[in-house]
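Asks: So the protein sequences, as listed, match chains A and B.
The numbering of the first sequence is this note's numbering, which starts it at 1 and goes up by one.
The numbering of the second sequence is this note's numbering, which starts it at 1 and goes up by one.
The following block contains the structure, expressed as C-alpha cells.
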Amino acid sequence: MRWINRRPGPVLATVLAALPFLAVLGIYMIGSEMRLAVNPSDKLLPAPTTILSTAERLLTEPDRRSGEILFWLDTWASLRRLLIGVLIASSLALVMGILIGMLPYMRAPFAPFVAVFSMVPPLAVLPILFIMLGLGEVSKVALIVIGIAPFLIRDMSQRVIDLPREQFIKAQTLGASSMAIGLNVILPQVLPRLIGAVRLSLGPAWLFLIAAEAIAADQGLGYRIFLVRRYLAMDVILTYVVWITLLAYLLDFALRQISKRAFPWDGESL
Amino acid sequence: MSYVEVKGVAKAYGKRTIIENINVSVAKGQFISIVGASGCGKSTFLRLLLAQELPTHGEIHIDGAPMAQEPGRDHGIVFQRYSVFPHMTVIDNLVAAIAFDTNFWGRLSRARRTEERTKARKTLDRIGLGHVAGQYPADLSGGMLQRLAIAQALASDPKILLLDEPFGALDPGTKIVMHDFLQELRDETGMTVFMITHDLEEAFKLGDRVWAFDKPVWDEEDPEKNAATITYDFDARDDGIPFQTLRERTNVLQAR
Ligand SMILES: Nc1ncnc2c1ncn2[C@@H]1O[C@H](COP(=O)(O)OP(=O)(O)O)[C@@H](O)[C@H]1O
Ligand SMILES: [Mg+2]
C-alpha cells in the first residue's frame, strides 16, 4: 500500500505524538548530565530535578519582601495585558474588516492605509509608544494591538470579499439593508474566521508582550525572565518558558473548542 | 398585458458588447426558458433582469414600475450554487426571507420569530424538507438544497423568479423530481419565471416559451467580437418540438 494511504491507529498516533516531546526531553537530560558530570556547579543546563524543585518553590513560596507569590503575580499581569490587547485588536479587526470588505466607500480610503500601516515594524515604534504613552500598561497593550491588528483587519476584510457574491445578491432579494447583510450574513460567517486568525496571531502577540515587558516593566513573565537572566538562573527561565508555552497552548486550544462549539456549520480546522 | 418589458437592452463590459438589441415582453405567469451556448450572455441577461447590473442601453420594467437600480424583493433568485446561507439551519434560511425585510437590523423579535418558525415548519413539511429543518445546508443533498433555495426565493413573494441553471448539477432522477416540484409551485403561485438551462428537453418541458441566445453574425477571426441576442423565441406550450410555432419575428432575419 502507498504511504499516502497508510494511517496510524489511535494508540500508535498517541505514541507518535509523544515521541518528539520525549526526544527533546531525553536530549536535554543527556546534555545536562554530561555537563554536570564535568562541573557539578554548572548553571547552563540544570538537572530536571533541579528545575522541578525550583518550579515548586516559584509556585508556592511567597516573596520575602512583598509576601506575594511572584509567579502568579507575573502570570496575571502578563495574561491581562495579552488578553486586553488581543481583545481590542480583534474587536477592531471585526468592525474594520467587515466594513472594508463590504463597503466600497470604506475600502477606498482604508484598504491601502491598512496595507501600508501593516508594514510598520511594531518593535521599531515601541520607543515612540513608551515616549507617548509612558512606561505603564497602556504602551504594552498598545504594542500588542499595533502588532497584530493590521494582520487581523486585512485577514477579516479578505474573508468578507471571499464570501460568495451570490449570498449578497440573495440577501438583497430578500429585502435586507446593508446593515442587515453585515449583521446576519457577514458577521456570523466571519466570526469563526476571526477566531482562526486570532489563533494564528497569538504567537506574535506573546512576542510583542514579552519584548515590551523585557524593556520596561516591574512585573510580568517577560520581565521576570529578563531579570533573572542576569544571575544565569536557567532553572527559573526554563520554568517560565515552559509555563508561557503551556499558557499559549491552552489559549489556542480553548479558542479552537469555542469555535467548534459555537459554529457547528463550519468545517473542520486544524 | 405585458408584465415584464425589455426594450432595446444591450450590455457591454468595457468595449466588448455581450448582448444587444433585446426586445421582449412577457405576460404575467409565463415561464421562459433560456438556452444558448456557454459564454453567450445568458447569465448577463439574468443579472440585468435582477438589477444586479444595469444595462448599457435600454430599459427593463417589471409590472410597470420604474427600472430597478439594485436587487430587491421584486426579484427571486436561485443560482446553481451558494443560494442558501450556510450558517443558518434549513428552517432559519426560510425565516430569513421574512426577517431580513422586517427592519433595518433584519431581525425579528423573539415572539415573531417563533411565529414565523411555525409557518416555515409547515412549508418545509409540504416540500418534503420537514425532517431536516434543524440541519445545516452542508448536510443536505443537491436536490434538497435547490428545493430549499427555491422555497426561500418564493417566501419573499417576488414578482419574477430567476433561475440560473438551477438543476445543472443534479443527477437525471433528481432533476425529474425537481421539475415536478417546480411545476407544482408554479401552478400554485402563478409565478413569472425565467430559467436558464443547458438541457433542451428541460427547457421545452417546463417553459411556455424558449428563448435561444446566439450571435446573429459570427466573426471568423474573432469569435468574441459580435454581441449575442435572442435569435429565436419558440412557443413551447405544446411540449415544443415538433409542435412549436415561431412566436415572434426572429432577429436572425434582420441581421446585418
Ligand atoms: N463582469 C464582467 N466583466 C467582463 N466580462 C464579463 C463579466 N461578466 C461576464 N463577462 C463576459 O460575458 C460573457 C457572457 O458571460 P455569461 O453571461 O456568464 O455567459 P453564459 O451565462 O451565457 O454562459 C462571457 O464571455 C464573460 O467572459
Ligand atoms: Mg451562466
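For every residue, glycine included, the Cβ atom is placed at its ideal position computed from N, Cα and C.
None of these values were measured; they are calculated from a predicted model.
Do we get a CB-CB distance below 8 Å when we pair residue 52/B with the residues of chain A?
Replies: Against the second sequence, residue 52/B aligns to sequence position 52. So, interface residue.
Asks: According to DSSP, what are the bridge partners of residue 195/B?
Replies: Numbered from its first residue, the second sequence carries residue 195/B at position 195. 33/B and 163/B.
Asks: Taking only three categories from DSSP, how would you classify residue 105/A?
Replies: Along the first sequence, one-based indexing puts residue 105/A at 105. Three-state result, residue 105/A: helix.
Asks: With distances taken Cα to Cα, identify the nearest neighbour of residue 253/A among 114/A, 124/A, 202/A and 44/A.
Replies: For the purposes of this step, residue 253/A is taken as the residue at position 253 of the first sequence. Looking at the Cα atoms, 202/A is the closest of the given residues.
Asks: Any C-beta of chain B within less than 7 Å: which residues of the segment 172-185 of chain A qualify?
Replies: So the close ones are 172, 173, 174, 175, 176, 177, 179, 180, 183, 184 and 185.
Asks: Under 8 Å: do the segment 114-125 of chain B and the segment 87-106 of chain B share three or more Cβ pairs, one atom per stretch?
Replies: The segment 114-125 of chain B, when compared against the segment 87-106 of chain B, does touch it at the 8 Å Cβ threshold.
Asks: From the DSSP secondary-structure annotation, give me the bridge partner or partners of residue 76/B.
Replies: Residue numbering aside, residue 76/B sits at position 76 when the second sequence is read from its first letter. For residue 76/B, which the question treats as bridged, DSSP gives the partners 161/B.
Asks: Within a Cβ cutoff of 6 Å, which residues of the same chain sit near residue 221/A, ignoring the five residues on either side of it in sequence?
Replies: For the purposes of this step, residue 221/A is taken as residue 221 along the first sequence, with counting starting at 1. Cβ neighbours of residue 221/A beyond the five flanking positions: 74, 78, 240 and 244.
Asks: Go ahead and label residue 254/B buried or exposed: buried means 16 or more other beta carbons lie within 10 angstroms of its beta carbon, across all protein chains shown.
Replies: What you label residue 254/B is simply residue 254 of the second sequence in a count that begins at 1. Only weak support exists for where residue 254/B lies, its pLDDT of 47 falling under 50; the value from the coordinates is given anyway. Exposed is the call here.
Asks: Name the chain B residues that come within less than 9 Å of residue 167/A, Cβ to Cβ?
Replies: As a working note, residue 167/A is residue 167 in the first sequence. Ordered by position in chain B, the residues that pass the 9 Å Cβ test against residue 167/A are 82, 83, 84, 85 and 86.
Asks: Which two residues bound the contiguous alpha helix (DSSP H) that contains residue 93/B?
Replies: For the purposes of this step, residue 93/B is identified with residue 93 of the second sequence, where counting begins at 1. Note, residue 93/B: alpha helix (DSSP H), 90-102.
Asks: Going along the chain, which residues of its own chain have a beta-carbon closer than 6 Å to the beta-carbon of residue 223/A, five neighbours each way excluded?
Replies: Counted from its first residue, the first sequence places residue 223/A at position 223. Closer than 6 Å at the Cβ level, and outside the excluded window around residue 223/A, lie 213 and 217.
Asks: From the beta carbon of residue 260/A, is the nearest beta carbon of chain B less than 8 Å away?
Replies: As a first step, residue 260/A must be located in the first sequence, where it is residue number 260. Cβ-Cβ to chain B under 8 Å: no for residue 260/A.
Asks: Looking at chain B, is there any beta carbon in it that lies within less than 8 Å of the beta carbon of residue 164/A?
Replies: Stepping through the first sequence from its first residue, residue 164/A is reached at position 164. Residue 164/A counts as touching chain B.
Asks: Of the residues 250/A, 43/A and 34/A, which one's Cα is nearest the Cα of residue 230/A?
Replies: Looking up residue 230/A in the first sequence gives position 230. Closest by alpha carbon: 43/A.
Asks: Run the Cβ filter for me: residues under 5 Å from any heavy atom of ligand 1, listed in the order they occur in the chain.
Replies: Counting every residue whose Cβ lies closer than 5 Å to a heavy atom of ligand 1, we get 13/B, 18/B, 38/B, 39/B, 40/B, 41/B, 42/B, 43/B and 44/B.
Asks: Can you round the beta-carbon distance between residue 101/B and residue 175/A to whole angstroms, since I take them to be within the 8 Å contact cut?
Replies: Indexing the second sequence from 1 puts residue 101/B at position 101. Indexing the first sequence from 1 puts residue 175/A at position 175. With 8 Å as the limit, residue 101/B and residue 175/A qualify as a contact, their Cβ atoms being about 3 Å apart.
Asks: Can you determine whether any heavy atom of ligand 4 sits closer than 7 Å to the C-beta of residue 199/B, and answer yes or no?
Replies: Annotation note on ligand 4: not contained in the displayed structure, which lists ligand 1 and ligand 2 as its ligands.
Asks: Assuming residue 94/A contacts residue 156/A under a Cβ cut-off of 8 Å, what Cβ separation, rounded to an integer in Å, is found between them?
Replies: On the first sequence, residue 94/A is found 94 positions in, with the first residue counted as 1. On the first sequence, residue 156/A is found 156 positions in, with the first residue counted as 1. Yes, residue 94/A and residue 156/A are in contact; Cβ-Cβ is about 6 Å, under 8 Å.
Asks: Does DSSP put residue 139/B in a helix, a strand or coil?
Replies: The residue labelled residue 139/B in the question sits at position 139 within the second sequence. Looking at residue 139/B - three-state DSSP - the assignment turns out to be helix.
Asks: Using CA atoms only, rank isn't needed, just tell me which of 177/B, 73/B and 70/B is closest to residue 206/B.
Replies: As a first step, residue 206/B is located in the second sequence; it is residue number 206 there, counting from the start. Checking every option, the nearest Cα to that of residue 206/B belongs to 177/B.
Asks: Would you say residue 165/B and residue 80/B are within 8 Å of each other, going by their C-beta atoms?
Replies: In the second sequence, counting from the first residue as 1, residue 165/B sits at position 165. In the second sequence, counting from the first residue as 1, residue 80/B sits at position 80. Cβ atoms of residue 165/B and residue 80/B: closer than 8 Å.
Asks: Kindly indicate which three-state DSSP category residue 155/A falls into: helix, strand or coil?
Replies: Start at 1 with the first residue of the first sequence, and residue 155/A comes out as number 155. If DSSP states are grouped into helix, strand and coil, residue 155/A belongs with the helices.
Asks: Can the beta-carbon of residue 194/B be found closer than 8 Å to that of residue 46/B?
Replies: If you number the second sequence from 1, residue 194/B lands on position 194. If you number the second sequence from 1, residue 46/B lands on position 46. Yes, the Cβ-Cβ distance between residue 194/B and residue 46/B is below 8 Å.
Asks: Should the segment 127-141 of chain B be regarded as contacting the segment 75-90 of chain B, the criterion being three or more beta carbon pairs within less than 8 Å?
Replies: The answer is yes - the segment 75-90 of chain B touches the segment 127-141 of chain B, with three or more Cβ pairs under 8 Å.
Asks: Quick one: is the Cβ of residue 92/B within less than 7 Å of any heavy atom of ligand 2?
Replies: Within the second sequence, numbered from 1, the residue matching residue 92/B stands at position 92. Because no heavy atom of ligand 2 lies under 7 Å away, the Cβ of residue 92/B does not count as near it: no.
Asks: What is the residue span of the alpha helix (DSSP H) that residue 87/B lies within?
Replies: For this step, residue 87/B is matched to residue 87 along the second sequence. It is not in any alpha helix (DSSP H) - residue 87/B carries neither H nor E in the DSSP assignment.
Asks: Please confirm if the segment 157-172 of chain A is in contact with the segment 94-109 of chain A, defined as three or more CB-CB distances below 8 Å between the two stretches.
Replies: With the cut-off at 8 Å, the segment 157-172 of chain A and the segment 94-109 of chain A touch.
Asks: Give me the Cβ distance between residue 192/B and residue 24/B, rounded to the nearest whole Å; I'm assuming they're in contact under 8 Å.
Replies: Here the question's residue 192/B lines up with position 192 in the second sequence. Here the question's residue 24/B lines up with position 24 in the second sequence. Not really, about 13 Å apart at Cβ, beyond 8 Å.
Asks: Does the beta carbon of residue 170/A come closer than 8 Å to any beta carbon on chain B?
Replies: Working through the first sequence from its first residue, we reach residue 170/A at position 170. It does; some Cβ of chain B falls within 8 Å.
Asks: In chain B, what lies closer than 7 Å to residue 265/A by C-beta?
Replies: Residue 265/A sits at position 265 when you count from the first residue of the first sequence. Within chain B, the residues near residue 265/A are 86, 87, 136 and 138.
Asks: Verify the contact flag: residue 164/B, CB atom, against every heavy atom of ligand 2, threshold strictly below 7 Å.
Replies: Indexing the second sequence from 1 puts residue 164/B at position 164. At least one heavy atom of ligand 2 is nearer than 7 Å to the Cβ of residue 164/B, so yes.
Asks: What do you get for residue 122/B, buried or exposed, if any count of 16 or more other CB atoms within 10 angstroms of its CB means buried?
Replies: As a first step, residue 122/B is located in the second sequence; it is residue number 122 there, counting from the start. Under this definition residue 122/B is an exposed residue.
Asks: Which residue wins for smallest C-alpha separation from residue 47/A, given the options 56/A, 57/A, 31/A and 58/A?
Replies: Along the first sequence, one-based indexing puts residue 47/A at 47. Nearest option by C-alpha distance: 31/A.
Asks: Comparing alpha-carbon positions, which option in 111/B, 199/B and 51/B lies nearest residue 172/B?
Replies: Here the question's residue 172/B lines up with position 172 in the second sequence. With distances taken between Cα atoms, residue 172/B lies closest to 199/B.
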